[in-house]
Amino acid sequence: MKSVFPTSRALRDSSGVLITAAVHLVLGYVALTATGIVKVPNIVRPEAPLWIEQVEPAKPETPPPPAVKDPVDITVVEPVFVVDTPQAPIVRSDPTPILPRVPDMTGSVGQTQVPEPVLVAASIDPRFRDRFQPAYPPASRRAGEAGSVVVSVLVGADGRVADADVARSSGYARLDSAAVRQALSAWRFRPATRDGVAVESRHQITVTFVLNP
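Using the UniProt record's numbering, read the sequence shown as starting at 1 and increasing by one per residue.
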């Protein structure tokens, strides 16, 4: 009776055939890939995972409190105004006024002395000082007339000139007349007083006319 299982020799023969076929297949595959007929697939290796580090957002810095400046003292400089003072007129006031006489109050009865009154002479009102110099008469200027005239004025209790005349002439009638007219129309005084009460008094003012060179 024959065995149905292959013998060892048959197994060796079949194994040799398989090995030979496998070798031929490998060689053929290598030849095909070398000639470029069969392309070897590229094996893409997966890239290593990227580690992403989370960065916390920077916290906004708290701004420092504003510096408190010390208060600065501001000195306001007041503007200085310089007012040109007009040149005073060439007027000279004689120091000795002529006041009315006071009646004699002394008597032979008793020894009581009456106090003398307090007399204050008239003086030029400074508010009207620029009005004391009269205008130069044109005819006198053309004629070259110049000089000084003394005007005697009666100053009323209200400070106005009640009367005026020439006490000493300049030598030129036109200059004398100009000084008297100016006294009557424009001159103002602080009246003389007796014990604080305004009274009339006589006053002399010298007015000088000078020609400019």
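Using N, Cα and C, we set each Cβ at its ideal position, and we do this for glycine too.
- If you compare the alpha carbons of Ile19, Val199, Asn212 and Thr208 with that of Pro117, the shortest gap goes to Val199.
- The beta carbons of Phe132 and Val155 sit about 13 Å from each other, so the pair does not count as a contact at 8 Å.
- Note: Thr193 is bridge-paired with Val120 and Ala198 in the DSSP secondary-structure output.
- Beyond the five residues adjoining it in sequence on each side, Val150 comes within less than 6 Å, by CB distance, of Ala167, Arg168, Gln204 and Thr206 in the same chain, given in chain order.
- Sixteen is the threshold: when 16 or more other Cβ atoms of the shown chains lie within 10 Å of the Cβ of Val161, as they do, the residue is buried.
- In the three-state DSSP reduction, Ala146 falls in the coil class, being neither helix nor strand.
- Under DSSP, Ala164 forms a beta bridge with Val153.
- The C-beta distance from Ser170 to Ser148 rounds to 6 Å, short enough to fall under 8 Å.
- Here the C-alpha atom of Ala157 lies approximately 29 Å from the C-alpha atom of Phe209.
- With fewer than 16 neighbouring CB atoms inside 10 Å of its own CB, Ile19 falls in the exposed class.
- Judged by beta-carbon spacing, Ser140 lies within the 8 Å limit of Leu175, meaning their Cβ atoms are closer than that value.
- Partner residues in the beta bridge of Arg188, as assigned by DSSP, are Arg160.
- Relative to Ala179, the option among Val197, Gly144 and Val153 whose CA is nearest is Val153.
- Each residue's CA atom was taken as its position, placing Arg181 and Ala121 some 23 Å apart.
- Excluding five sequence positions before and after Pro191, the CB atoms of its chain that fall closer than 8 Å to its own CB belong to Ala122, Val155, Gly156, Ala157, Asp158, Gly159, Ala198, Val199, Glu200 and Ser201, given in chain order.
- Close CB contacts of Thr193 within its chain, under the 7 Å cut and outside five residues either way in sequence, are with Val120 and Val199 (chain order).
- The beta-carbon separation of Ala164 and Ala183, rounded to 4 Å, stays under the 8 Å limit for a contact.
- Nearest neighbour of Asp125 by Cα position, chosen from Trp187, Asp195, Leu27 and Leu211, turns out to be Trp187.
- Inclusion of Leu211 and Ala135 in the CB contact set at 8 Å is not warranted, their separation being larger than that value.
- Around Asp195, the same chain offers Pro117 and Val118 as residues with beta carbons nearer than 8 Å, after the five sequence neighbours per side are excluded.
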